[in-house]
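*Asks:* Quick note, the sequence shown lines up with residues 288 to 606 if you use our numbering. Where a beta carbon is used, it is the ideal one built from N, C-alpha and C, also for glycine.
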Amino acid sequence: VKRIGVLTSGGDAPGMNPAIRAVVRKAIYHDVEVYGVKYGYQGLMEGNMSKMDLGSVGDIIQRGGTILYSARSEEFKTDEGQQRAIEQMKKHGIEGLIVIGGDGSFRGAKKLTEKGFPCIGVPGTIDNDIAGTDFTIGFDTALNTVIEAIDRVRDTATSHERTYIIETMGRNAGDLALWAGLSGGAESIIIPEKEEPFQDVCDRLVRGHQRGKKHSIIVLAEGVGSGFEYGERIKKETNLETRVTVLGYIQRGGSPTAQDRVLASRLGAKAVELLINGNAGRMVGIQNNKLVDYDINEILSLKHHINEDMYNLSKELSI
Ligand code: F6P
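1. Could you tell me how far apart the beta carbons of ALA396 and MET332 are, in whole angstroms, since I believe they sit closer than 8 angstroms?
2. Compare the Cα-Cα distances from MET376 to each of ALA306, GLY391, ILE315, SER337 and report the closest residue.
3. Would you mind stating whether ALA460 and ILE476 have Cβ atoms separated by less than 9 angstroms?
4. Hey, would you say the C-beta of GLN538 is under 8 angstroms away from at least one heavy atom of the ligand F6P?
5. In three-state DSSP terms, what is GLU454?
6. Tell me which residues share the same chain as VAL488 and place their Cβ nearer than 6 angstroms to its Cβ, disregarding the 5 neighbours each side in the sequence.
7. Would you report the Cα separation of ASP582 and ILE573, rounded to the nearest angstrom?
8. Could you round the C-beta distance between ILE424 and ALA300 to whole angstroms and report it? I think they count as a contact, below 8 angstroms.
9. Does the segment 385 to 402 come close enough to the segment 358 to 372 to have 3 or more Cβ pairs within less than 8 angstroms?
10. Under the rule that 16 or more other beta-carbon atoms within 10 Å means buried, what is HIS592, buried or exposed?
11. Kindly indicate the opening and closing residues of the alpha helix (DSSP H) around PRO305.
12. Within a Cβ cutoff of 8 angstroms, which residues of the same chain sit near LEU685, ignoring the five residues on either side of it in sequence?
13. Within the continuous beta strand (DSSP E) that includes ARG290, where are the two ends?
14. Could you tell me whether the segment 413 to 420 touches the segment 384 to 393, using the rule of 3 or more Cβ pairs below 8 angstroms?
15. What are the uninterrupted segments assigned as alpha helix (DSSP H) that are 4 or more residues long and contained completely in the segment 500 to 533, given in chain order?
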């Protein structure tokens, strides 16, 4: 393999930049050229790509977002779109592609691989919702952002007798809410995988209130529904004063944590290794701190699961 491409696709995640850096430097280390594709699959179809060198990834390891930009492309989901993308890569002499993104991005990588163009997926999303890897790039940074927000809300909460609901992102996955709720000391964690009966949540709040608890924090994953609606229901049922904070896109920004930088560097480099060794249609991941790789089809057919032990522990610690 003489030349490969790299792109970031779907929702950006902190750590995508260190992943791009690792791909570029590892490839150059092995005398392989790298083309950076801008705006994900959209840019791929349009031939929006150029050669990257060691300097083009200098000073980005600490930066959030993605220097290659990202997009969600409807056109690329069509056969014609995928053919156009392959033609562009052939035209530029690219022999393999590394896709940094979430499951939607992997579906694109799978399609290209099926059409004969080798792709390797690197899991990058704050949602941590990909099977076959304990962590996705960006999750740790987003988690720390959420914890900081919870701590701040807690500061103001101690001055009032209120119930606070903090809505986190995560799409259909509850990981961000679960990890943040446990590490932020939330009274309740509401996630799509384990919806606790609403009455139980209310009963616990009222019990706490009767015990003299001044405030309570509920972390709710967006996959369950709107934090505002949940807050209204709580207020109606318990008569407790409620306030809602929807954290939104601040969870996607910020300088990647050390954890995410290391993960991104390891996964990015591993993806290059696989590609130059002739692999195709694989996803790299980390399990028990060891690098692994799986067939992308298998990954897409599996469901990511939350850590049950952690969920149970969170219940035990918030009685
Ligand atoms: O997948 C990352 C994520 O931030 C989800 O947590 C969220 O539901 C979604 O992307 C938002 O997507 P968009 O950037 O298209 O608004």
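*Replies:* Checking against the coordinates, here is how it stands:
1. As a position in the sequence shown, residue 396 is number 109, starting the count at 1. As a position in the sequence shown, residue 332 is number 45, starting the count at 1. Incorrect: roughly 14 angstroms between the Cβ atoms, too far for contact.
2. Here the question's residue 376 lines up with position 89 in the sequence shown. For MET376, the nearest C-alpha among the options comes from SER337.
3. To locate residue 460, count along the sequence shown from 1; it is residue 173. To locate residue 476, count along the sequence shown from 1; it is residue 189. Contact: no.
4. Here residue 538 corresponds to residue number 251 of the sequence shown, with the count starting at 1. GLN538 Cβ: within cutoff of the ligand F6P.
5. Taking the first residue of the sequence shown as position 1, residue 454 is located at position 167. Here GLU454 sits in strand by DSSP.
6. Walking along the sequence shown from the start, residue 488 turns up at place 201. Only SER475 meet the Cβ criterion.
7. As a first step, residue 582 must be located in the sequence shown, where it is residue number 295. As a first step, residue 573 must be located in the sequence shown, where it is residue number 286. Looking at the two C-alpha atoms, the distance is approximately 14 angstroms.
8. By one-based count along the sequence shown, residue 424 stands at place 137. By one-based count along the sequence shown, residue 300 stands at place 13. With 8 angstroms as the limit, ILE424 and ALA300 qualify as a contact, their Cβ atoms being about 6 angstroms apart.
9. yes
10. Counting from one through the sequence shown, the residue named residue 592 turns up at place 305. When all chains shown are included, HIS592 counts as exposed.
11. By 1-based counting over the sequence shown, the position of residue 305 is 18. It spans 303 to 316 - the alpha helix (DSSP H) in which PRO305 sits, taken as one unbroken run.
12. Outside the modelled stretch of the chain, which goes from 288 to 606, sits residue 685, for which no answer is possible.
13. The residue labelled residue 290 in the question sits at position 3 within the sequence shown. Per DSSP, ARG290 belongs to the beta strand (DSSP E) from 290 to 295.
14. yes
15. 514 to 525
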